[in-house]
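Novice: Quick one: the structure is below, and I'll ask about it shortly.
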Amino acid sequence: MLRFEAASGLLNCDHLNLRDAVIEVAGPGLCVRSTDAPWTAGANGIPRMNAGSLELEVNVSSDAVAIAAKNTSARPVRIDDIRITFPPALVAEQWLEYIHSFNMASRCAVKTVGQPTAWHDPNAAGHVVYVLRRIGADDAVLFGALPPHAGDYVHFRAVHDQPHMEGRFGLEIRSEQRRTLTPGQRAAMSTICAAAGTDPWKLLCDYGDRFGKALNRAPHRAQRQVGWNSWDFYLGAVEEDDVFTHAQAAGELIEAPRIVIDEGWERRWGVWDVNWKFPAGLKGLVDGIRARGGRPGIWTAPLLVNRFTRFFQQNTDWFVRDADGQITEHLFAYGPMSFLDPTIPAVREWIANVFGNLRQAGFDYFKVDFTQEVLRGQRFADDTIGRGEILRLAFATIRDAIGPESYLLACGAPYESVTGIVDAVRTTADIHARYTHVRTNGVDMLYRSWMQPRLWNTDPDFLVIRCHEHCLEGKYTLPHRQVPRTNDDEWLSGRNFTEDETKTYALLILATGGEVMLSDNLCELNDKAKGLLRTVLAGLLDAPAQPVDFMTRHDTLPRLLIGKKGSRRLLIALNLGDTSDTITVSPAQLGLAGDATDFWTGRTLRASDGQLLLQLPRRTAVGLWFERKR
Numbered sequence: 025m026l027r028f029e030a031a032s033g034l035l036n037c038d039h040l041n042l043r044d045a046v047i048e049v050a051g052p053g054l055c056v057r058s059t060d061a062p063w064t065a066g067a068n069g070i071p072r073m074n075a076g077s078l079e080l081e082v083n084v085s086s087d088a089v090a091i092a093a094k095n096t097s098a099r100p101v102r103i104d105d106i107r108i109t110f111p112p113a114l115v116a117e118q119w120l121e122y123i124h125s126f127n128m129a130s131r132c133a134v135k136t137v138g139q140p141t142a143w144h145d146p147n148a149a150g151h152v153v154y155v156l157r158r159i160g161a162d163d164a165v166l167f168g169a170l171p172p173h174a175g176d177y178v179h180f181r182a183v184h185d186q187p188h189m190e191g192r193f194g195l196e197i198r199s200e201q202r203r204t205l206t207p208g209q210r211a212a213m214s215t216i217c218a219a220a221g222t223d224p225w226k227l228l229c230d231y232g233d234r235f236g237k238a239l240n241r242a243p244h245r246a247q248r249q250v251g252w253n254s255w256d257f258y259l260g261a262v263e264e265d266d267v268f269t270h271a272q273a274a275g276e277l278i279e280a281p282r283i284v285i286d287e288g289w290e291r292r293w294g295v296w297d298v299n300w301k302f303p304a305g306l307k308g309l310v311d312g313i314r315a316r317g318g319r320p321g322i323w324t325a326p327l328l329v330n331r332f333t334r335f336f337q338q339n340t341d342w343f344v345r346d347a348d349g350q351i352t353e354h355l356f357a358y359g360p361m362s363f364l365d366p367t368i369p370a371v372r373e374w375i376a377n378v379f380g381n382l383r384q385a386g387f388d389y390f391k392v393d394f395t396q397e398v399l400r401g402q403r404f405a406d407d408t409i410g411r412g413e414i415l416r417l418a419f420a421t422i423r424d425a426i427g428p429e430s431y432l433l434a435c436g437a438p439y440e441s442v443t444g445i446v447d448a449v450r451t452t453a454d455i456h457a458r459y460t461h462v463r464t465n466g467v468d469m470l471y472r473s474w475m476q477p478r479l480w481n482t483d484p485d486f487l488v489i490r491c492h493e494h495c496l497e498g499k500y501t502l503p504h505r506q507v508p509r510t511n512d513d514e515w516l517s518g519r520n521f522t523e524d525e526t527k528t529y530a531l532l533i534l535a536t537g538g539e540v541m542l543s544d545n546l547c548e549l550n551d552k553a554k555g556l557l558r559t560v561l562a563g564l565l566d567a568p569a570q571p572v573d574f575m576t577r578h579d580t581l582p583r584l585l586i587g588k589k590g591s592r593r594l595l596i597a598l599n600l601g602d603t604s605d606t607i608t609v610s611p612a613q614l615g616l617a618g619d620a621t622d623f624w625t626g627r628t629l630r631a632s633d634g635q636l637l638l639q640l641p642r643r644t645a646v647g648l649w650f651e652r653k654r
């Protein structure tokens with residue numbers, strides 16, 4: 025499928041009409057192209073090219089390519105990118121592209137090449153992995169980065185021959201380096217694999233299997249976590265009694281629930297000790313949770329430091345700088361923050377001490393948040409370290425401090441930064457008890473579910489179901505400024521959940537096959553709500569549900585998913601839109617057998633002439649159990 029022609033210095037992809045790709049290494053005042061000089065065979069038979077201060081090496085097999093650049097000069101050389109660029113050859117309107125976003129804070133998508141969506145510009149970049157599918161045909165191809173990662177971030181973007189982007193397109197694969205090579209130092213693009221097939225979802229799952237096998241330090245196969253987290257209801261207002269109360273309440277729904285204390289326990293960001301709301305101290309928190317049958321977990325944002333702390337004032341040489349050499353600063357809801365520089369050994373020692381203390385107190389679950397914010401900075405103390413390696417240094421330090429037996433969740437970090445280190449990753453932005461968040465989060469949790477559990481466990485944020493129909497007379501949500509829903513910003517817009525919308529969201533969470541963390545005030549939920557949670561917890565799937573119609577339309581989610589639990593199969597039909605929908609399902613054609621029973625009520629639905637007619641009002645989903653696979 026992939027061939028490098030040393031005579032021309034060009035890379036070809038035989039499956040598609042993607043040919044004559046040029047390889048480039050670029051930096052300030054530097055652009056070395058694979059067509060600039062003749063290629064020779066190195067001692068190991070791998071093609072090499074000497075071009076001034078750099079030596080390029082290209083190692084190609086039929087389904088993978090690895091590229092490296094070595095500084096052969098006597099002076100430092102700054103490089104920003106290593107690129108592979110296939111010139112335009114495919115017709116844009118004939119292809120859909122799967123955009124996998126950089127981290128949980130940005131959206132995934134399936135879209136027509138060159139066309140925008142509500143959350144993406146016409147030529148949005150994909151990250152880590154990229155899939156093309158020919159519209160109306162069984163023809164798909166995947167390109168993806170494999171571990172062990174080379175200290176880079178890999179980006180994929182269509183290259184168009186016309187400004188309107190409705191002509192022909194090719195593909196740019198860009199390895200973000202942003203580093204200085206000292207004399208003799210080598211930089212590499214993470215190995216890029218390529219695969220072709222008829223089913224794009226299977227291509228993603230096969231890629232996930234290959235990714236998992238290639239890990240240089242695979243985490244232990246940790247059981248997915250089920251429990252309760254303090255954040256979504258209490259936010260930073262959580263207190264010690266809230267945690268203890270919910271350790272008890274969660275235990276009535278979940279055996280040995282994971283109880284996670286989220287933001288609000290610390291004195292300030294950067295001062296990771298308990299504040300006045302937690303008089304029992306860290307050890308007292310752990311003991312109190314365990315005494316009530318729970319397993320303790322804790323949240324941190326270890327690379328962010330509030331500037332109004334002595335810690336910041338006394339360690340100003342520990343922080344990331346902007347292009348002008350000033351300490352990078354950003355205003356969050358929790359105050360003005362600056363970002364610790366993980367390339368500094370003293371910073372890593374401090375991180376190790378923070379997590380060593382938390383582990384010694386008895387915590388064995390660690391939710392690590394906001395680390396991606398460090399990448400706002402432009403200057404790091406050690407600029408020979410690749411852009412994608414900076415956060416890996418921090419996570420590797422955390423893993424060493426907490427030990428291999430502890431559970432580590434990366435919340436927000438780019439995925440290449442935590443490969444082989446963490447047990448779980450966040451796959452969505454924050455959820456809140458509004459349907460607008462379900463609509464946005466639903467995209468990412470489904471489009472990343474192929475990762476579960478091949479790379480790690482996936483965390484789709486919290487399963488929250490609080491609404492008027494589910495709560496007692498007390499408050500069921502904290503007050504927020506009410507704003508209408510808009511296309512460009514859906515954050516905390518629109519009204520609160522309805523009961524049907526909470527069921528839709530619960531089925532989406534179930535479909536991911538990943539972690540299930542509750543985050544309502546469980547003491548305010550009525551019996552109906554607790555019954556709903558028990559139904560979900562009893563129906564946890566063995567693996568993610570497989571979308572039947574993945575990558576079939578522009579900017580639309582799959583409508584049908586099939587999951588399994590033991591011998592049973594769960595069919596989920598989705599209508600996340602704002603108009604009603606009718607879906608006709610032929611169970612036999614989907615490989616399903618036996619009577620269909622409703623997920624929530626257990627009521628039997630019988631097919632008519634071998635078909636089920638499913639009526640889905642706006643923003644709803646239907647779950648149907650089938651007793652066996654056909």
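Just so you know, we're using the numbering used here here: the sequence shown kicks off at 25 and counts up by one.
Just so it is clear, CB atoms sit at the ideal spot from N, CA and C, and this is done for glycine as well.
Quick check on DSSP: helix, strand or coil for residue 226?
Specialist: Of the three classes helix, strand and coil, the one that applies to residue 226 here is helix, per DSSP.
Novice: Is it true that the region 101–116 meets the region 31–48, where meeting means three or more beta-carbon pairs spaced less than 8 Å apart?
Specialist: Contact holds: three or more Cβ-Cβ distances are below 8 Å.
Novice: Would you call the CB atoms of residue 255 and residue 281 closer than 9 Å?
Specialist: It is not a contact, given that the beta carbons lie outside the stated cut-off.
Novice: Locate the alpha helix (DSSP H) running through residue 524, then write down its first and last residues.
Specialist: Run containing residue 524: 523–536, per the alpha helix (DSSP H) assignment.
Novice: Can you tell me the Cβ-Cβ gap for residue 417 and residue 392, rounded? I've got them flagged as a contact below 8 Å.
Specialist: Contact doesn't hold; Cβ gap of about 13 Å is too wide.
Novice: Assuming residue 459 is part of the alpha helix (DSSP H), what are its boundary residues?
Specialist: Its alpha helix (DSSP H) spans residues 459–471.
Novice: Between which two residues does the alpha helix (DSSP H) carrying residue 306 extend?
Specialist: Segment 305–315, the alpha helix (DSSP H) holding residue 306.
Novice: If I'm right that residue 246 touches residue 481 with Cβ under 8 Å, what's the distance once you round it to whole angstroms?
Specialist: With 8 Å as the limit, residue 246 and residue 481 qualify as a contact, their Cβ atoms being about 7 Å apart.
Novice: Drop a sphere of 10 angstroms on the beta-carbon of residue 441, count the other beta-carbons inside from all chains shown, and report buried for 16 or more, exposed for fewer.
Specialist: With 16 or more other Cβ atoms within 10 Å, it is buried.
Novice: Using 8 Å as the Cβ pair cut-off and three pairs as the minimum, do the region 439–453 and the region 95–108 touch?
Specialist: Not touching, per the Cβ criterion.
Novice: Assign residue 99 to one of three DSSP states: helix, strand, or coil.
Specialist: Three-state result, residue 99: coil.
Novice: Residues in the same chain with beta-carbon distance under 7 Å from residue 426, minus the five sequence neighbours each way, listed in chain order, please.
Specialist: 379, 383, 390, 432, listed in sequence order.
Novice: Starting from residue 326 and walking both ways along the alpha helix (DSSP H), at which residues does that stretch end?
Specialist: Where residue 326 is concerned, there is no enclosing alpha helix (DSSP H), given that its DSSP letter is neither H nor E.
Novice: Examine the Cβ distances between the region 578–593 and the region 613–633 and report whether three or more of them are shorter than 8 Å.
Specialist: Flag = yes, the region 578–593 and the region 613–633 touch.
Novice: Whose C-beta lies closer than 8 Å to the C-beta of residue 147 among residues of the same chain, with five residues either side of it excluded?
Specialist: The residues are 138, 181, 182, 184, 189.
Novice: How would you write the range of the alpha helix (DSSP H) that residue 426 sits in, first residue to last?
Specialist: Here the alpha helix (DSSP H) through residue 426 covers 414–426.
Novice: Rounded to a whole number of angstroms, what is the C-alpha to C-alpha distance between residue 156 and residue 121?
Specialist: Rounded to whole angstroms, residue 156 to residue 121 spans 5 Å at the Cα level.
Novice: Whole angstroms is fine: what's the gap from residue 647's alpha carbon to residue 152's?
Specialist: Between residue 647 and residue 152, the C-alpha separation is close to 32 Å.
Novice: Tell me the DSSP secondary structure of residue 354 in three-state form.
Specialist: It is a strand residue.
Novice: Tell me the DSSP secondary structure of residue 234 in three-state form.
Specialist: It is helical.
Novice: Kindly give me the distance between the Cβ atoms of residue 402 and residue 346, rounded to whole angstroms, as I take these residues to be in contact under 8 Å.
Specialist: Yes, they are in contact, since the Cβ atoms of residue 402 and residue 346 sit about 5 Å apart, within 8 Å.
Novice: Examine the Cβ distances between the region 352–366 and the region 406–421 and report whether three or more of them are shorter than 8 Å.
Specialist: They touch, by the three-pair rule.
Novice: Which one or two residues does DSSP pair with residue 456 in a beta bridge?
Specialist: In the DSSP output, where bridge partners are listed per residue, residue 456 has none listed.
Novice: Since I believe residue 457 is in contact with residue 488 (beta carbons under 8 Å), could you give me their beta-carbon distance rounded to a whole number of angstroms?
Specialist: Confirmed, about 5 Å.
Novice: Of all the options 216, 78, 118, which has the alpha carbon lying nearest to the alpha carbon of residue 235?
Specialist: Answer by Cα proximity: 216.
Novice: DSSP on residue 490, reduced to helix/strand/coil?
Specialist: Three-state DSSP puts residue 490 in coil, outside helix and strand.
Novice: What is the DSSP secondary structure of residue 552, counted as helix, strand or coil?
Specialist: Helix, per DSSP.
Novice: How is the beta strand (DSSP E) around residue 165 delimited, first residue to last?
Specialist: It spans 164–169 - the beta strand (DSSP E) in which residue 165 sits, taken as one unbroken run.
Novice: Closest to residue 632 by C-alpha separation, out of 645, 608, 643, would be which residue?
Specialist: Nearest option by C-alpha distance: 608.
Novice: Beta-carbon separation of residue 172 and residue 238 under 9 Å?
Specialist: For residue 172 and residue 238, yes; Cβs fall inside 9 Å.
Novice: Would you list the residues sitting across from residue 615 in a DSSP beta bridge?
Specialist: Answer is none; residue 615 lacks a bridge partner.
Novice: Could you tell me which whole alpha helix (DSSP H) segments of length 4 or greater appear in the region 170–197?
Specialist: Qualifying alpha helix (DSSP H) stretches: none in this window.
Novice: By Cβ distance below 6 Å, which residues in the same chain neighbour residue 430 in space, the five residues on each side in sequence not counted?
Specialist: Correct list, in chain order: 388.
Novice: Is the separation between the beta-carbon of residue 478 and that of residue 386 shorter than 9 Å?
Specialist: No, the Cβ-Cβ distance between residue 478 and residue 386 is not below 9 Å.
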